[in-house]
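Chains X and U are the protein sequences, given in the same order.
Heads up, the first sequence is in my numbering, so the first residue is 752 and it goes up one at a time.
Heads up, the second sequence is in my numbering, so the first residue is 12 and it goes up one at a time.
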Amino acid sequence: MNATPRPPQAPRLVEVRRNALKQNDTLARALRDRFRKAGVRVISMVSSPGAGKTTLLEKTLIMLLRHWRVAALVGDLATENDAARLARSQAPVKQIITGEVCHLDAAMVERALDGWNLEELDLLFIENVGNLVCPASYDLGEDLRLVLLSVTEGEDKPLKYPTIFNTADVAVITKIDLAGPVEFDLAAARDNIHRVRHGMEIIEVSSKTGEGMEAWLRFLQHQRGEVLSDVSCDSGQGCRDSG
Amino acid sequence: MSIIEGATEEALRHGAVKVKAVHLKLGPLSGVARDALLFSYELACEGTALEGSRLVIEEVPATVFCRSCEVERALTSIQRMRCPVCDTPAPQISRGREIELVALEFAA
Numbered sequence: 752m753n754a755t756p757r758p759p760q761a762p763r764l765v766e767v768r769r770n771a772l773k774q775n776d777t778l779a780r781a782l783r784d785r786f787r788k789a790g791v792r793v794i795s796m797v798s799s800p801g802a803g804k805t806t807l808l809e810k811t812l813i814m815l816l817r818h819w820r821v822a823a824l825v826g827d828l829a830t831e832n833d834a835a836r837l838a839r840s841q842a843p844v845k846q847i848i849t850g851e852v853c854h855l856d857a858a859m860v861e862r863a864l865d866g867w868n869l870e871e872l873d874l875l876f877i878e879n880v881g882n883l884v885c886p887a888s889y890d891l892g893e894d895l896r897l898v899l900l901s902v903t904e905g906e907d908k909p910l911k912y913p914t915i916f917n918t919a920d921v922a923v924i925t926k927i928d929l930a931g932p933v934e935f936d937l938a939a940a941r942d943n944i945h946r947v948r949h950g951m952e953i954i955e956v957s958s959k960t961g962e963g964m965e966a967w968l969r970f971l972q973h974q975r976g977e978v979l980s981d982v983s984c985d986s987g988q989g990c991r992d993s994g
Numbered sequence: 012m013s014i015i016e017g018a019t020e021e022a023l024r025h026g027a028v029k030v031k032a033v034h035l036k037l038g039p040l041s042g043v044a045r046d047a048l049l050f051s052y053e054l055a056c057e058g059t060a061l062e063g064s065r066l067v068i069e070e071v072p073a074t075v076f077c078r079s080c081e082v083e084r085a086l087t088s089i090q091r092m093r094c095p096v097c098d099t100p101a102p103q104i105s106r107g108r109e110i111e112l113v114a115l116e117f118a119a
C-alpha cells in the first residue's frame, strides 16, 4: 500500500495507534456474538490459585444440571485434575492446558469450543488459570466475569490487585465457613472491593457447608432470566458437602 | 507477545526492515507491569524484526468521568475509584486500560 520510496538516511517515526491486544479483542467480540446467537450465557471465573473456583464450580454444576444444560471450560497450566474433578458432575467439561501461559485468551476458548454445539447449552462457565494479574487483560467474550476471593487470602486482596477486581463484574467471597477461624473482616473486605469497584455486587458462599449457595443460585437464575422451582440445598447431593 | 506481533505487523505494513524503537502507551489498569514488560522485551524480540529495538513506555494515568463534576478526572490511586475532587464514587473508568502501540521508529 505504502509504496513511496523513502530516503535511506534519517530514522523515521510512524504513528500506528493500535491496541496491542487488538487481535484478542476482535476474537473475543466474535465469540460474544456467537454466544449471543446460540443463546448461551457465559460466565468466567478468575481468582488466585486455591481460592475455590473448581470446588464452587463442581457444586454449581451438580445443582444446575437438573435444570439447565450447563458446561465448563477450565484452564490450567499443566494438569487435567480440575477437568477430572468437574467431570464428576456429569456436565460436559473440557480442560484447556495453557502450558506456560498464565491466563486464558479468546483463541484458547475458541479452540476449546471445537466440537461443541453451543445451541445445546444454557450456561457455560469458563474457569481461568489461577492468577490475579494477567487474566485481567484478556477478554474471553464472556457475559460476566466473576472474581473470587477466599477468606484465607485476607481482606486486602482487592487493594493489592485492583485491576482484576475492577475488570470483574461480580465478586464472590468463598470459604465463608472459615471466616471466623481466620478472623476475616467481612466488612473491611466489602469496603475494599467497593473502593476499587464502586457498587460491585458481592456474594458470600461456602461450597463446603452450603452457606450462601442459595443466594449464589438465585444470582445465576437471575443471569438466565428465569426462576427455577427446585434449586434448594436440601437434596443432599447439591451444595451440602456429601463427602 | 501481542505487542511484538502487532509491532512486527505494522513494521511490515510500512515496509520497514529494521525497527529502532517501539513506543507504547501503558495504563495502570492494563494488567501489565512496566518493569516486567521492559525486562521481557529484549528476549521476546529475538529473531523478529524488532530485535535490538528499544521499548519506550509512556505511562498514562487512569481517568474516570465524574458525574457530579461532569468532567473527566485523573485518579490519584487505582485503589480508590472516586473523584479526586468531590469524592463521588466513579464506577466508570474512562481511560487507564491502554496497552497501545503508539508509534514505531524505523532505521530507514
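Virtual Cβ for every residue (Gly too), placed ideally from N, Cα, C.
Residues that residue i contacts on chain U, provided the C-beta gap is smaller than 9 Å
{"i": "Ser798 of chain X", "result": "Within chain U, no residue comes near Ser798 of chain X; the closest Cβ sits about 15 Å away, beyond 9 Å."}
{"i": "Gln774 of chain X", "result": "Ser13, Glu16 and Gly17"}
For residue j and residue i, believed in contact at Cβ under 8 Å, the rounded distance
{"i": "Leu910 of chain X", "j": "Asn943 of chain X", "result": "5 Å"}
{"i": "Ser798 of chain X", "j": "Leu891 of chain X", "result": "The Cβ separation is near 15 Å, so there is no contact."}
{"i": "Leu807 of chain X", "j": "Thr925 of chain X", "result": "6 Å"}
{"i": "Ser105 of chain U", "j": "Thr59 of chain U", "result": "About 33 Å; that fails the 8 Å criterion."}
{"i": "Leu49 of chain U", "j": "Val30 of chain U", "result": "Not a contact, Cβ separation roughly 16 Å."}
{"i": "Glu766 of chain X", "j": "Val71 of chain U", "result": "Not a contact, Cβ separation roughly 16 Å."}
Three-state secondary structure (DSSP) of residue i
{"i": "Gly826 of chain X", "result": "strand"}
{"i": "Ser888 of chain X", "result": "helix"}
{"i": "Phe970 of chain X", "result": "helix"}
{"i": "Met12 of chain U", "result": "coil"}
{"i": "Phe935 of chain X", "result": "coil"}
{"i": "His945 of chain X", "result": "helix"}
{"i": "Ala22 of chain U", "result": "helix"}
{"i": "Arg817 of chain X", "result": "coil"}
{"i": "Ala930 of chain X", "result": "coil"}
{"i": "Lys911 of chain X", "result": "helix"}
{"i": "Glu962 of chain X", "result": "coil"}
Chain-ordered chain X contacts of residue i [CB-CB under 9 Å]
{"i": "Pro102 of chain U", "result": "Arg948, His949, Gly950 and Met951"}
{"i": "Glu138 of chain U", "result": "Coverage of chain U is limited to positions 12 through 119, which leaves residue 138 of chain U absent and any answer about it impossible."}
{"i": "Glu21 of chain U", "result": "Val765, Val767 and Arg769"}
Residue i - partner residues in DSSP beta bridges
{"i": "Leu112 of chain U", "result": "X:Arg769 and U:Leu35"}
{"i": "Glu878 of chain X", "result": "X:Met796 and X:Val825"}
{"i": "Val921 of chain X", "result": "X:Leu897 and X:Glu952"}
{"i": "Leu764 of chain X", "result": "U:Glu116"}
{"i": "Arg106 of chain U", "result": "U:Thr74"}
{"i": "Pro100 of chain U", "result": "U:Arg93"}
{"i": "Val30 of chain U", "result": "U:Phe117"}
Per-residue contacts from residue i into chain X (C-beta, under 8 Å)
{"i": "Glu111 of chain U", "result": "Arg768, Arg769, Asn770 and Ala771"}
{"i": "Leu54 of chain U", "result": "None at all; the shortest Cβ gap to chain X is about 13 Å."}
Proximal chain C residues relative to residue i, where beta-carbon distance stays under 7 Å
{"i": "Ala887 of chain X", "result": "Of the protein chains in the structure, X and U, none is chain C."}
Under 7 Å by beta carbon: chain X residues contacting residue i
{"i": "Arg91 of chain U", "result": "Arg946"}
{"i": "Ala60 of chain U", "result": "Within chain X, no residue comes near Ala60 of chain U; the closest Cβ sits about 14 Å away, beyond 7 Å."}
Chain-ordered chain U contacts of residue i [CB-CB under 8 Å]
{"i": "Thr914 of chain X", "result": "Pro39, Leu40, Ser41, Gly42 and Ile89"}
{"i": "Leu910 of chain X", "result": "Gln90"}
{"i": "Asn917 of chain X", "result": "Leu40, Ile89, Met92 and Ile104"}
Chain U contact residues for residue i, given Cβ-Cβ distances below 7 Å
{"i": "Val884 of chain X", "result": "Gly42"}
Exercise. Along the chain, which unbroken stretches of the alpha helix (DSSP H) at least 4 residues long are found entirely within the segment 32 to 87 of chain U?
Worked result: 45 to 56
Exercise. Along the chain, which unbroken stretches of the alpha helix (DSSP H) at least 4 residues long are found entirely within the segment 819 to 870 of chain X?
Worked result: 832 to 838 and 857 to 863
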